[in-house]
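The next block holds one structure in the form of structure tokens; read it before the comments.
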Amino acid sequence: MSSNPQEDAALPMQVPELKTDTVRVGDAVVCVLSGDLYAGTRDVGDHALRAALDLRPVLLAVDLNAVDLFTVDGLNLLLGLREAARARGVPLALVSPSDAVRHVLEVTGATDSFDVHPSVTEAAARLTRRPRPPAGA
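Add 19 to the 1-based position in the sequence shown for our numbering, that's all there is to it.
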């Protein structure tokens with residue numbers, strides 16, 4: 020950076036972004052988020068996560084391993100997704116959260132609000148070990 024503020028203003032700013040990718044893994048749908056999840060990218064994340072939930076998977080896994088910046092806006096997005104998934108009867112798991120995501124979950128006390136797993140395979144395995152409610156219940 021130069022010491023001249025006018026020159027600094029002319030420099031292009033790198034725009035943080037959020038990339039999403041949704042894939043099927045068996046009966047699960049995995050939505051991979053990478054980049055920065057904050058107020059400016061929340062709509063991108065919300066669109067991808069809602070579209071993944073609309074597929075009505077046996078398990079919706081959100082892979083957060085490549086999230087570099089995670090703010091309370093990202094947390095609120097995940098909390099809203101958790102409620103929407105619960106209302107549709109779709110189990111939700113957070114997979115391999117980055118240090119940034121873990122930090123926000125821990126500081127806010129939200130860690131216990133989610134099923135967190137190191138891999139999609141482990142999340143799916145845990146789902147199959149859960150007792151299922153009796154038919155007609």
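A virtual CB, placed ideally from N, CA and C, is assigned to each residue, including glycine.
The structure displayed is predicted, hence computed values, not measured ones.
Determine the DSSP secondary structure at Gly54, reduced to helix, strand or coil. In the sequence shown, counting from the first residue as 1, residue 54 sits at position 35. DSSP places Gly54 in strand when its eight states are reduced to three.
Under 9 Å, do Asp82 and Leu56 count as touching if we go by C-beta distance? In the sequence shown, counting from the first residue as 1, residue 82 sits at position 63. In the sequence shown, counting from the first residue as 1, residue 56 sits at position 37. Taking 9 Å as the Cβ cut-off, Asp82 and Leu56 do not qualify as a contacting pair.
Excluding the 5 residues flanking Leu68 on each side, which residues of the same chain have their C-beta closer than 6 Å to its C-beta? Along the sequence shown, read from residue 1 onward, the residue named residue 68 stands at position 49. For Leu68, the CB contacts under 6 Å within the same chain, skipping 5 residues up- and downstream, are Cys50 and Leu100 in chain order.
Can you look up Asp46 in the DSSP assignment and give me helix, strand or coil? If you number the sequence shown from 1, residue 46 lands on position 27. DSSP places Asp46 in coil when its eight states are reduced to three.
Where DSSP assigns a beta bridge to Phe133, which residues make up the other side? In the sequence shown, the residue the question calls residue 133 occupies position 114. Beta-bridge partners of Phe133 (DSSP): none assigned.
Pop quiz: Leu111 and Ala104 are said to be a contact at Cβ under 8 Å. What is the actual Cβ separation, rounded to whole angstroms? Mapped onto the sequence shown, residue 111 falls at position 92. Mapped onto the sequence shown, residue 104 falls at position 85. Cβ atoms of Leu111 and Ala104 come within 8 Å of each other, at about 4 Å.
Which whole-angstrom value is the C-beta distance of Lys117 and Asp87, which I expect to be below 8 Å? Residue mapping note: residue 117 aligns to position 98 of the sequence shown, counting from 1. Residue mapping note: residue 87 aligns to position 68 of the sequence shown, counting from 1. The question names Lys, but residue 117 in the sequence shown is Ser. The C-beta separation of Ser117 from Asp87 comes to about 7 Å, placing the pair in contact by the 8 Å criterion.
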